[in-house]
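Presented below is the structure to which this report refers.
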Amino acid sequence: MVHMLLQVQDAQTAIDVAKSTNALLGAGIGLGLAAIGAGIGVGLIGSRATEAIARQPQASGDIRGAMILTAALVEGVALVACVFALLFKLIK
Amino acid sequence: MMALLQQPDIGRMIFEHTADAHFLEFPPFGRIPLPTGWTLFGIDVSPTKHVVYMLLAAIGVLVCVFAAKRSIVRRHRENRAPGGFGTAIEAMVIFVRDDIVLPAMGHGGERYLPYILTLFFFIMFCNFFGLVPWGSTATGNVAVTAGLALISFVVIEVSGMIALGAKGYLKTIVMVPPGMTGFGAVAMAFILTPIEIIGKLVKPFALCLRLFANMTGGHFVILSLMGLIFIFGSWLVAGGSVALILFMMCLELLVALLQAYIFALLTSVFIGMMLHEH
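Read top to bottom, the protein sequences are chains X and R.
The opening position of the first sequence corresponds to residue 1 in our numbering, with each subsequent residue numbered one higher.
The opening position of the second sequence corresponds to residue 1001 in our numbering, with each subsequent residue numbered one higher.
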């Protein structure tokens, strides 16, 4: 009976280890994908903003303001993913 | 931290520097313990590090605004041209009024200007207090940003109730796209109502998480780069790390200002959307 309990113990630790490893794996992959999304998003914002400034240099102040605002909003989405990745690391 | 050069626990160092604590720490001088165990109706209201820094930010905002008022009054009395500290604060207030509140809310906007100004200045002071030596970012605590987002949520919904009346406000929840009648209207109402309710709840949630993640993320990066110095223990890595940390600190300054601006801007945009539903 004791050896059966020890087997259950090992299986439980194995499940715990697997859960925490899988949690870290999920967090890492999610974080990487979020970083890719943020990179592409901010890159698009920057490219369109510089194109617009090149076409109309007198509007560069307005365009720069809109660009910084939109970049902060897109970065916010990526950082929400960071917060959730941190959550995966912390909750076992 | 000095004794752990062989196997430094960087994760613990990062958490100790960014998380809340029941003491104020001024390394290498010492720490001031804060009283614990104050409860109000079962909720723990003891002053922790972030509460103390929030109070400091609030006092900072008050002192700033009163000093600005005294400076403007004195300049007006002496009949001098505008200039000085009061005019600088006035420039920021005019920026918030003309570029954040009035474009978003239109003519009914001046009623909510004090709240948006308070939000902007308070979040800015909280963020900046995290960047000075021995400071800690109160807005890097998800409870603080959740409180700010909750207050913004209440202001947005109550502004909608005041401006639209009870029936008009309910129409923003049980929403029917304009121009549909009969069975189509009922079906669309069934589909759109949960979406509208979720939308109303998600917008302040996003505000809270955006501010928290931006503030905490910046500090995590800076502290991780510092931890890198202790892991490698070499002068070359220290030089490169300090250069990167300097750059990240400059970025943090920009992000501190920008996140205060974005919180205020999004709150006023949401209030404006509620005021102009019809």
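C-beta atoms are modelled at their ideal positions from N, C-alpha and C, and glycine is treated no differently.
Partner residues on chain R for residue i, Cβ-Cβ distance less than 8 Å
i, result
"Val80 (chain X)", "Ala1206, Leu1209, Arg1210 and Ala1213"
"Ile93 (chain X)", "The structure shown has nothing for residue 93 (chain X), since chain X only spans 1 to 92."
Where residue i sits in the DSSP three-state scheme
i, result
"Pro1033 (chain R)", "strand"
"His1017 (chain R)", "helix"
"Leu1251 (chain R)", "helix"
"Leu1131 (chain R)", "coil"
"Ile91 (chain X)", "coil"
"Pro1039 (chain R)", "Reading off the sequence, residue 1039 (chain R) comes out as Thr, not Pro. Strand, per DSSP."
"Asp1044 (chain R)", "strand"
"Arg1111 (chain R)", "helix"
"Arg1080 (chain R)", "coil"
"Glu51 (chain X)", "helix"
"Gly1106 (chain R)", "helix"
"Gln58 (chain X)", "helix"
"Gly1157 (chain R)", "The residue asked about is misnamed: residue 1157 (chain R) is Glu in this sequence, not Gly. Note: Glu1157 (chain R) maps to helix in three-state DSSP."
"Ser1268 (chain R)", "helix"
"Met1092 (chain R)", "helix"
"Gly986 (chain R)", "This structure leaves residue 986 (chain R) out entirely; chain R is present only between 1001 and 1278."
"Gln1259 (chain R)", "helix"
"Val42 (chain X)", "helix"
"Glu1277 (chain R)", "coil"
"Gln12 (chain X)", "helix"
"Arg1012 (chain R)", "helix"
"Thr70 (chain X)", "helix"
"Gly76 (chain X)", "helix"
"Thr1172 (chain R)", "helix"
"Ala85 (chain X)", "helix"
"Thr1216 (chain R)", "helix"
"Gly1233 (chain R)", "coil"
"Met1002 (chain R)", "In this prediction, Met1002 (chain R) scores a pLDDT of 49, lower than 50, which makes its location untrustworthy; the coordinate-derived value is nonetheless stated afterwards. DSSP places Met1002 (chain R) in helix when its eight states are reduced to three."
DSSP bridge partner residues for residue i (one or two, in chain order)
i, result
"Leu1024 (chain R)", "R:Ile1032"
"Thr1145 (chain R)", "In DSSP, Thr1145 (chain R) forms no bridge with anything."
Neighbouring residues, chain C, relative to residue i (Cβ below 8 Å)
i, result
"Gly1160 (chain R)", "As a matter of chain content, chain C is missing from the structure shown, whose protein chains are X and R."
Where residue i meets chain R, residues with beta-carbon distance less than 9 Å
i, result
"Val83 (chain X)", "Val1142, Leu1209, Phe1212, Ala1213, Thr1216 and Gly1217"
Cβ distance (whole Å) where residue i is taken to contact residue j below 8 Å
i, j, result
"Leu1207 (chain R)", "Ser1152 (chain R)", "6 Å"
"Leu1275 (chain R)", "Met1105 (chain R)", "6 Å"
"Ile1271 (chain R)", "Ile1156 (chain R)", "5 Å"
"Phe1205 (chain R)", "Ala1149 (chain R)", "7 Å"
"His1022 (chain R)", "Thr1039 (chain R)", "The pair is not a contact, with the Cβ atoms about 14 Å apart (cut-off 8 Å)."
"Ile1116 (chain R)", "Ser1241 (chain R)", "In fact, because the Cβ distance is near 39 Å, the residues do not count as touching under 8 Å."
"Leu1211 (chain R)", "Thr1145 (chain R)", "5 Å"
"Met1188 (chain R)", "Pro1178 (chain R)", "The pair is not a contact, with the Cβ atoms about 11 Å apart (cut-off 8 Å)."
"Ile1231 (chain R)", "Ile1010 (chain R)", "7 Å"
"Leu1164 (chain R)", "Glu1277 (chain R)", "6 Å"
Partner residues on chain X for residue i, Cβ-Cβ distance less than 9 Å
i, result
"Ile1262 (chain R)", "Leu69, Ala72, Leu73 and Gly76"
Exercise for the section: Say whether the segment 1132-1139 of chain R touches the segment 1242-1253 of chain R, bearing in mind that this needs 3 or more beta-carbon pairs closer than 8 Å, one atom from each stretch. Expected result: Too few Cβ pairs lie closer than 8 Å, so no.
Problem - the segment 71-91 of chain X in contact with the segment 33-47 of chain X per 3-pair CB rule at 8 Å - result: yes
Problem - Contact between the segment 1117-1132 of chain R and the segment 1047-1058 of chain R (3+ Cβ pairs under 8 Å) - result: yes
Problem - the segment 1260-1272 of chain R in contact with the segment 1116-1126 of chain R per 3-pair CB rule at 8 Å - result: yes
Exercise for the section: Specify whether the segment 51-70 of chain X and the segment 1016-1031 of chain R touch according to this definition: at least 3 beta carbon pairs, one from each stretch, less than 8 Å apart. Expected result: no
Exercise for the section: Mind the definition here: the segment 1212-1226 of chain R touches the segment 1140-1147 of chain R only if three or more C-beta pairs lie below 8 Å; say whether that holds. Expected result: yes
Handout entry: Segment contact, 8 Å Cβ cut-off, at least three pairs: the segment 1082-1094 of chain R with the segment 1058-1070 of chain R
Key = yes
Exercise for the section: Would you be able to state if there are at least three C-beta pairs under 8 Å between the segment 1028-1042 of chain R and the segment 1097-1104 of chain R? Expected result: no
Handout entry: Contact the segment 24-34 of chain X vs the segment 81-90 of chain X: 3+ CB pairs below 8 Å
Key = yes
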